[in-house]
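S.K.: For reference, the structure I am asking about is given below.
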Amino acid sequence: MARLTYYTATTLDGFIADPDDSLAWLMRQDQDEQGPLNYEDFIKDIGAIVMGSTTYEWVLAHDPGNWAYAMPAWVMTHRDLPLPAVEGEGADVRFAQGSVREVYDAMVVAAGGKDLWVVGGGDLVGQFADEGLLDEVITYIAPVTLGAGRPILPRRFDLELLEATQNKAFIAARYRFVGVLAEDRPPTLEG
Ligand SMILES: NC(=O)c1ccc[n+]([C@@H]2O[C@H](COP(=O)([O-])OP(=O)(O)OC[C@H]3O[C@@H](n4cnc5c(N)ncnc54)[C@H](OP(=O)(O)O)[C@@H]3O)[C@@H](O)[C@H]2O)c1
Numbered sequence: 018m019a020r021l022t023y024y025t026a027t028t029l030d031g032f033i034a035d036p037d038d039s040l041a042w043l044m045r046q047d048q049d050e051q052g053p054l055n056y057e058d059f060i061k062d063i064g065a066i067v068m069g070s071t072t073y074e075w076v077l078a079h080d081p082g083n084w085a086y087a088m089p090a091w092v093m094t095h096r097d098l099p100l101p102a103v104e105g106e107g108a109d110v111r112f113a114q115g116s117v118r119e120v121y122d123a124m125v126v127a128a129g130g131k132d133l134w135v136v137g138g139g140d141l142v143g144q145f146a147d148e149g150l151l152d153e154v155i156t157y158i159a160p161v162t163l164g165a166g167r168p169i170l171p172r173r174f175d176l177e178l179l180e181a182t183q184n185k186a187f188i189a190a191r192y193r194f195v196g197v198l199a200e201d202r203p204p205t206l207e208g
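Using this note's numbering, read the sequence shown as starting at 18 and increasing by one per residue.
Here it is as structure tokens:
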């Protein structure tokens, strides 16, 4: 079964971008690109990705003329957005809205047995998690606090820490997604 992973970087206080969608705080950090939980190893097993429109527009604006993803990509939006302006074969980008379950099912088929990556942002990851479709969270925690910004996962959930190690400036951590926060679950018959 394809696994859906949220692979991202966050500040210590839980933001994946600042209020103006800047990632400057992230880009200047030192990391070992061959080190623990690195992107190169992660992306080898990924057969389809999904992202929200803010993330998509950030990627288009910051890397114009290039599309870094070889696998099919879904972009969630209610708007008419442009396709990436790339030369040659182009990019496989599909726009969708509404139910993330339908998108998930299409991604599983497109991925042909490989795993799935939800790039962000946090609320979109929450939509997959609400449907019980999220399996893992891998995050690089940067030694930065911002006080405000785009939250990593704005929901009340429990996760289980599977792995945590240093990668230069970062803590690289991997979690299993458990589900609704224990305190929010309805009481069982046993109490
Ligand atoms: N630190 C990292 O590693 C990292 C990773 C990923 C992203 N980021 C950054 O974090 C920020 C995330 O931005 P964000 O929090 O605004 O999240 P986002 O998920 O990128 O974008 C949210 C937007 O996606 C659209 N959307 C979401 N769910 C939808 C659905 N079910 N159906 C239709 N449309 C849907 C909506 O926009 P419309 O309908 O108006 O289009 C919504 O406002 C960006 O700046 C991004 O660059 C950082």
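C-beta: ideal position from N, C-alpha, C; glycine also.
(1) Sorry if obvious, but does the Cβ on T22 come closer than 6 angstroms to a heavy atom of ligand 1?
(2) Helix, strand or coil, according to DSSP, for A118 in the structure here?
(3) Bridge partners of D175, per DSSP?
(4) Using the Cβ count rule (16 or more neighbours within 10 Å means buried), how would you classify Q183?
(5) Around the Cβ of V126, are there at least 16 other Cβ atoms within 10 angstroms (buried) or fewer (exposed)?
(6) Answer with buried or exposed for A199, where buried requires no fewer than 16 other C-beta atoms within 10 angstroms of its C-beta.
(7) Which same chain residues end up closer than 6 angstroms to P36 when comparing Cβ atoms and leaving out the 5 residues on each side of it in sequence?
(8) Taking 6 angstroms as the line, does the beta carbon of L100 fall inside it for any heavy atom of ligand 1?
(9) Going by the C-beta, is A34 closer than 6 angstroms to any heavy atom of ligand 1?
(10) Does DSSP classify Y86 as helix, strand or coil?
(11) Within the chosen definition, does the region 129-141 reach the region 68-80 through at least 3 CB pairs nearer than 8 angstroms?
(12) Pull up the CB-CB distance for I66 and M93, whole angstroms please, since I reckon it's below 8 angstroms.
(13) W75: beta carbon under 6 angstroms from a heavy atom of ligand 1?
M.R.: On the basis of the supplied data:
(1) no
(2) In the sequence as presented, Ala is not what sits at residue 118; that position holds Arg. Of the three classes helix, strand and coil, the one that applies to R118 here is helix, per DSSP.
(3) G196
(4) exposed
(5) V126 comes out exposed.
(6) A199 sits exposed, since fewer than 16 C-beta atoms from the chains shown fall within 10 Å of its C-beta.
(7) These residues qualify, in order along the chain: A165, G166.
(8) no
(9) yes
(10) coil
(11) yes
(12) Between M93 and I66 the Cβ distance is about 11 angstroms, and since that is not below 8 angstroms, they are no contact.
(13) Result yes, Cβ under 6 angstroms from ligand 1.
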